[in-house]
Amino acid sequence: MNLRLVELTKRFFSKHGSILAVNDVNLEIDSGEFFVLLGPSGCGKSTMLNLIAGLEKPTRGEIWFDETLVASASRRVFLPPKERNVAMVFQSYALYPHLTVFENIAFPLRIRRTKEQLIKESVQRVASMLAISELLDRKPAGLSGGQRQRVAIARAIVRKPNIFLLDEPLSNLDAQLRASTRGELKNLQRNLGVTTIYVTHDQIEAMGLGDRIAVLKDGRIVQIGTPDELYENPVNPFVAKFIGSPPMNLFKASINYDKGSFFITVGNKKIKLPDNKAERIMSLKSKDCLIGIRPEHIYINPSGAEETLKGKITSIEPLGKDVLLHISIGENKFTAITPKMRFEEYEIVNVGFDPERIHVFEIQD
Amino acid sequence: MIEEKFKSVIIWIGCVLLVVFCLTPFLYMILISLSSSPDFLTKLGQIEFSFKNYYSVLSSKSLHFIDYLRNSLIISAASAFFCVIIAGLGAYSITRLALPGKMLILFFVLAVSMFPQISLVGYLFKFMSSIGWINTYFALIFPYVAWILPLSLWILVSYFAQIPRDLDKAALIDGCTGWQILRKVIFPVAAPGIFSVSLLSFIFAFNEFMFALMLTIDYHSRTIPVGIALFQGLHGEIPWGNIMAGSAIAVIPVVLLTIIFQSYIIQGLTRGSIKG
Ligand SMILES: Nc1ncnc2c1ncn2[C@@H]1O[C@H](COP(=O)(O)OP(=O)(O)OP(=O)(O)O)[C@@H](O)[C@H]1O
Ligand SMILES: [Mg+2]
Numbered sequence: 012m013n014l015r016l017v018e019l020t021k022r023f024f025s026k027h028g029s030i031l032a033v034n035d036v037n038l039e040i041d042s043g044e045f046f047v048l049l050g051p052s053g054c055g056k057s058t059m060l061n062l063i064a065g066l067e068k069p070t071r072g073e074i075w076f077d078e079t080l081v082a083s084a085s086r087r088v089f090l091p092p093k094e095r096n097v098a099m100v101f102q103s104y105a106l107y108p109h110l111t112v113f114e115n116i117a118f119p120l121r122i123r124r125t126k127e128q129l130i131k132e133s134v135q136r137v138a139s140m141l142a143i144s145e146l147l148d149r150k151p152a153g154l155s156g157g158q159r160q161r162v163a164i165a166r167a168i169v170r171k172p173n174i175f176l177l178d179e180p181l182s183n184l185d186a187q188l189r190a191s192t193r194g195e196l197k198n199l200q201r202n203l204g205v206t207t208i209y210v211t212h213d214q215i216e217a218m219g220l221g222d223r224i225a226v227l228k229d230g231r232i233v234q235i236g237t238p239d240e241l242y243e244n245p246v247n248p249f250v251a252k253f254i255g256s257p258p259m260n261l262f263k264a265s266i267n268y269d270k271g272s273f274f275i276t277v278g279n280k281k282i283k284l285p286d287n288k289a290e291r292i293m294s295l296k297s298k299d300c301l302i303g304i305r306p307e308h309i310y311i312n313p314s315g316a317e318e319t320l321k322g323k324i325t326s327i328e329p330l331g332k333d334v335l336l337h338i339s340i341g342e343n344k345f346t347a348i349t350p351k352m353r354f355e356e357y358e359i360v361n362v363g364f365d366p367e368r369i370h371v372f373e374i375q376d
Numbered sequence: 008m009i010e011e012k013f014k015s016v017i018i019w020i021g022c023v024l025l026v027v028f029c030l031t032p033f034l035y036m037i038l039i040s041l042s043s044s045p046d047f048l049t050k051l052g053q054i055e056f057s058f059k060n061y062y063s064v065l066s067s068k069s070l071h072f073i074d075y076l077r078n079s080l081i082i083s084a085a086s087a088f089f090c091v092i093i094a095g096l097g098a099y100s101i102t103r104l105a106l107p108g109k110m111l112i113l114f115f116v117l118a119v120s121m122f123p124q125i126s127l128v129g130y131l132f133k134f135m136s137s138i139g140w141i142n143t144y145f146a147l148i149f150p151y152v153a154w155i156l157p158l159s160l161w162i163l164v165s166y167f168a169q170i171p172r173d174l175d176k177a178a179l180i181d182g183c184t185g186w187q188i189l190r191k192v193i194f195p196v197a198a199p200g201i202f203s204v205s206l207l208s209f210i211f212a213f214n215e216f217m218f219a220l221m222l223t224i225d226y227h228s229r230t231i232p233v234g235i236a237l238f239q240g241l242h243g244e245i246p247w248g249n250i251m252a253g254s255a256i257a258v259i260p261v262v263l264l265t266i267i268f269q270s271y272i273i274q275g276l277t278r279g280s281i282k283g
């Protein structure tokens with residue numbers, strides 16, 4: 012099912028004024044797509060899911076499922092969740108504590124008065140799909156976090172929903188379980204082919220799962236794109252910092268024009284920016300700008316002919332195969348990831364940039 | 008180690024004292040009821056055991072003990088039932104709806120419940136007479152429900168408020184209507200609260216004396232506490248044996264209910280529902 016959000020806005024009113032939790036969001040999600048909403052805590056991710064599910068009414072704007080208008084503030088249309096047939100996995104799992112695992116999974120079918128025989132088959136099918144067949148007689152209280160999470164997913168997929176909504180379903184799992192479940196979830200979604208919206212504040216999860224990602228900030232969409240697009244071409248420093256780990260190095264610089272090329276000055280060295288950045292640079296409002304370079308695109312003691320700067324290592328963090336170096340060049344501090352070698356603190360090293368990998372951003376306040 | 012032992016000894020002594028203190032009158036009641044020549048302060052050594060008091064209470068037509076017992080059970084059960092339904096609906100709306108000033112409603116309800124019973128009974132009598140309900144079950148059920156409702160509402164509000172809102176949302180997504188959420192999720196999850204309220208209302212209605220004394224006339228609607236109290240009027244002297252035997256029998260339903268429900272009441276509420 013194809014999902015379209017048009018100028019979707021949600022304003023919450025409270026004693027202390029009002030909050031724009033979702034602000035003028037326009038979005039189209041294709042049928043069968045795995046779409047990720049990524050953003051920091053409080054940026055309105057859960058609110059957006061609730062709007063789509065029909066748990067909240069939009070203040071403004073419209074929501075379309077294929078050609079069906081399911082919510083519109085101006086036309087006073089609002090279909091309750093029951094009629095939208097969406098399935099949701101909650102941030103908190105929200106299992107029914109008084110029911111066994113079997114009855115938890117069967118619950119949506121029972122409400123729809125499905126035949127007993129069919130209920131039994133469906134529950135057993137999803138239970139074996141999620142490897143929880145042995146747990147069917149237990150109550151949620153007797154399950155581990157990972158098992159509860161599987162039950163919550165099973166309850167969501169036991170009927171064929173139009174849209175599958177997942178609100179940070181992995182946030183309560185330990186790192187190992189999270190990684191393995193991530194893979195399973197992706198496979199599951201591929202097999203079911205159901206349009207999926209996945210909310211997370213973890214960029215690694217977003218990059219690993221999403222066909223496309225929307226980065227949110229303060230209720231607005233900052234950028235939509237495939238994981239690669241967001242990584243290669245972030246539109247602003249917020250996205251640049253949010254995507255990638257460790258985050259991109261950002262520093263202020265001023266751009267100079269000299270003999271047909273653009274230059275920035277780092278330390279006391281001039282670095283030529285590639286010509287294909289010219290258009291971008293011309294569009295800047297001032298010559299002062301933010302320059303970004305990812306830690307993995309900084310080379311330490313490079314062997315080639317690249318221009319290098321002198322930098323001092325201020326601290327060293329081993330990451331197994333690689334090592335994360337904190338380096339200061341003049342005023343500026345950088346992080347760099349480089350294959351493991353012997354480094355000493357306060358050692359002076361040659362630092363090379365790949366100019367092609369440099370990002371140029373407008374300075375924001 | 009010694010400190011631990013000391014602590015547990017203290018706790019034991021406390022428990023034993025408490026139990027002895029509470030149960031002595033009860034045991035005394037049972038003893039007297041089993042005595043063949045009962046008197047108010049019989050010396051324990053002089054008791055000759057017999058079941059004749061029980062026999063007379065249960066078989067004597069003029070005492071109407073069986074009628075009182077039946078009235079009491081019906082009235083108490085009905086009061087508990089209506090109380091749970093009404094308090095349940097009230098608590099659901101107070102905890103789940105965006106009502107302005109819900110705390111005000113709660114405190115108003117609590118304030119109303121603080122009138123002493125005696126201040127209402129005169130008016131209640133007039134009211135019940137005028138609508139012709141004196142000496143019917145309804146004459147007692149209505150005031151009992153009204154009387155126990157504020158406490159029930161407060162108890163259920165505190166239980167319902169503990170149930171995470173995500174459960175409501177999950178039920179909505181799974182296709183429930185508002186009624187179904189209440190019936191299939193909220194009530195069962197809050198079962199300990201529901202049982203507590205049922206039990207409390209039942210016990211209150213079962214033990215209540217003043218309303219029952221004023222609003223009933225004879226065995227058609229009179230309840231056990233009043234019935235037992237009026238045993239004496241029938242015979243001139245105070246029939247201690249019958250009174251004690253009647254009281255002992257009257258305790259049975261309440262004790263049974265408590266034993267049946269207590270395991271539900273102490274169960275955890277939402278264990279395992281949400282993460283953490
Ligand atoms: N029912 C509500 N009433 C008032 N304000 C609300 C309500 N629900 C959410 N908000 C506010 O709207 C904003 C967005 O909340 P939301 O729960 O959507 O954030 P989120 O992105 O899901 O955050 P998290 O990652 O912490 O779950 C927050 O500022 C929050 O305080
Ligand atoms: Mg959230």
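Going down the list, the sequences are from chains A and B. So the first sequence is numbered by this note's numbering: it starts at 12 and just counts up by one. So the second sequence is numbered by this note's numbering: it starts at 8 and just counts up by one. Using N, Cα and C, we set each Cβ at its ideal position, and we do this for glycine too. As the structure is a prediction and not an experimental result, all values here were calculated from the model.
- Take VAL17/A as the anchor and find which of ASN34/A, ALA190/A, TYR107/A and SER294/A has the nearest alpha-carbon. When only C-alpha atoms are compared, the closest one is ASN34/A.
- Item | Nearest-angstrom Cβ-Cβ length linking GLU179/A and GLN234/A, presumed shorter than 8 angstroms | At roughly 20 angstroms, the Cβ-Cβ gap does not stay under 8 angstroms, so GLU179/A and GLN234/A are not in contact.
- Within chain A, partners of ALA98/B - CB distance below 7 angstroms: From the beta-carbon of ALA98/B, no residue of chain A is found nearer than 7 angstroms; the closest lies around 17 angstroms away.
- Query: Does SER52/A have its Cβ less than 8 angstroms from a Cβ in chain B?
  - Reply: SER52/A does not count as touching chain B.
- Task: Report the residues of the region 54 to 69 of chain A with a CB closer than 7 angstroms to any CB of chain B, ordered along the chain.
- Result: Only those residues of the region 54 to 69 of chain A whose C-beta falls short of 7 angstroms from the nearest C-beta of chain B are listed: ALA64 and LEU66.
- Could you work out which residue in SER29/A, ILE63/A and PHE175/A is closest to MET99/A when comparing CA atoms only? Measuring from the Cα of MET99/A, the nearest candidate turns out to be PHE175/A.
- Item | Neighbour list for PRO119/A in chain B, Cβ cutoff strictly below 7 angstroms | The answer, in chain order, is ASP181 and GLY182.
- Query: Ends of the beta strand (DSSP E) at ILE327/A?
  - Reply: For ILE327/A, the enclosing beta strand (DSSP E) covers residues 319 to 330.
- Message: Give me the subset of the region 101 to 115 of chain A whose CB atoms are less than 7 angstroms from a CB atom of chain B, sorted by chain position.
- Response: Under the 7 angstroms Cβ criterion, the region 101 to 115 of chain A contributes PHE101, SER103, TYR104, ALA105, LEU106, TYR107, PRO108 and HIS109.
- Query: Going straight from the alpha carbon of VAL64/B to that of TYR99/B, what length do you get?
  - Reply: Each residue's alpha carbon lies about 45 angstroms from the other.
- ILE210/B: which of ILE231/B, PRO32/B and THR143/B sits nearest, CA to CA? Taking only the C-alpha atoms, the option nearest ILE210/B is ILE231/B.
- Query: Since HIS370/A sits in a beta bridge, which residues does DSSP pair it with?
  - Reply: In the DSSP output, where bridge partners are listed per residue, HIS370/A has GLY303/A.
- Message: DSSP three-state label for ALA225/A, please.
- Response: Under the three-state reduction of DSSP, ALA225/A is assigned to strand.
- Task: Using a threshold of 8 angstroms, state whether the C-beta atoms of ILE374/A and ASP286/A are closer than that.
- Result: No.
- Message: Suppose the cutoff is 6 angstroms on Cβ atoms and the five residues either side in sequence are ignored; what does the same chain contact list for PRO313/A look like?
- Response: Excluding positions up to five away in sequence, the list reads GLY363.
- Query: Just to check, is the beta-carbon of SER57/A closer than 7 angstroms to a non-hydrogen atom of ligand 1?
  - Reply: Taking the Cβ of SER57/A as the reference point, at least one heavy atom of ligand 1 falls within a distance shorter than 7 angstroms.
- Determine the chain B residues that contact MET99/A at a beta-carbon separation under 7 angstroms, and present them in chain order. The contacting residues are ILE180.
- Item | the region 139 to 155 of chain A / the region 57 to 76 of chain A touching (three or more Cβ pairs under 8 angstroms) | No, because fewer than three Cβ pairs between the region 139 to 155 of chain A and the region 57 to 76 of chain A fall closer than 8 angstroms, the two stretches do not touch.
- Going by C-alpha distance, which of TYR75/B, GLU55/B, SER42/B and LYS12/B is nearest VAL233/B? Residue TYR75/B holds the alpha-carbon nearest to the alpha-carbon of VAL233/B among TYR75/B, GLU55/B, SER42/B and LYS12/B.
- Message: Just to confirm the assignment, what range does the beta strand (DSSP E) spanning LEU38/A have?
- Response: Where LEU38/A is concerned, the enclosing beta strand (DSSP E) stretches over 28 to 40.
- Message: Does the beta-carbon of GLU240/A, which I'm using as the reference point, lie nearer than 7 angstroms to any heavy atom of ligand 2?
- Response: GLU240/A Cβ: outside cutoff for every heavy atom of ligand 2.
- Message: To the nearest angstrom, how far is the alpha carbon of ASP84/B from that of PHE213/B?
- Response: According to the sequence as given, residue 84/B is Ala; it is not Asp. Near 9 angstroms, if we compare the C-alpha coordinates of PHE213/B and ALA84/B.
- Which term fits GLY271/A, buried or exposed, when burial requires 16 or more other beta carbons within 10 angstroms of its beta carbon? With fewer than 16 other Cβ atoms within 10 Å, it is exposed.
- Where does GLU18/A fall in DSSP's three states? If DSSP states are grouped into helix, strand and coil, GLU18/A belongs with the strands.
- Message: Below 7 angstroms, is the gap between the Cβ of GLN102/A and the nearest heavy atom of ligand 2?
- Response: GLN102/A: yes, Cβ under 7 angstroms from ligand 2.
- When the distance is taken between beta carbons, is GLY253/B closer than 8 angstroms to ILE272/B? No, they are not a contact pair.
- Message: Counting only Cβ pairs nearer than 9 angstroms, list the residues of chain B close to ARG189/A.
- Response: By Cβ distance, chain B contributes nothing, its closest Cβ being about 13 angstroms from ARG189/A, past 9 angstroms.
- Message: Any beta carbon from chain B within less than 8 angstroms of PRO180/A's own beta carbon?
- Response: Not one chain B Cβ lies under 8 angstroms of PRO180/A.
- Length of the line joining the Cα atoms of ALA289/A and HIS370/A: Spanning the two alpha carbons is a distance of roughly 12 angstroms.
- Task: Spatial neighbours of PHE46/A within its chain, please: CB distance less than 6 angstroms, with the 5 preceding and 5 following residues excluded, ordered by chain position.
- Result: These residues qualify, in order along the chain: ILE40, ILE208 and ARG223.
- Message: Shorter than 7 angstroms, the distance from the beta carbon of ASP173/B to the closest heavy atom of ligand 2, or not?
- Response: No, Cβ of ASP173/B sits at least 7 angstroms from all heavy atoms of ligand 2.
- Can you find a CB in chain A that lies within less than 8 angstroms of the CB of PRO195/B? Output row for PRO195/B: interface = yes.
- Task: Decide if GLN160/A is buried, meaning its Cβ has at least 16 other Cβ atoms within 10 Å, or exposed.
- Result: The residue in question, GLN160/A, is buried, as its Cβ has 16 or more Cβ neighbours within 10 Å.
- Message: How far does the alpha helix (DSSP H) with THR102/B in it extend, from its first residue to its last?
- Response: Unbroken alpha helix (DSSP H) run through THR102/B: 72 to 103.
- Task: On a CA-only basis, which of ASP365/A, ASN343/A and SER326/A is nearest TYR357/A? Give me that one, please.
- Result: Among ASP365/A, ASN343/A and SER326/A, the Cα nearest to that of TYR357/A is on SER326/A.
- Message: By the three-class DSSP mapping on this structure, what secondary structure does PHE274/A have?
- Response: DSSP places PHE274/A within a strand segment (E or B) once states are collapsed to three.
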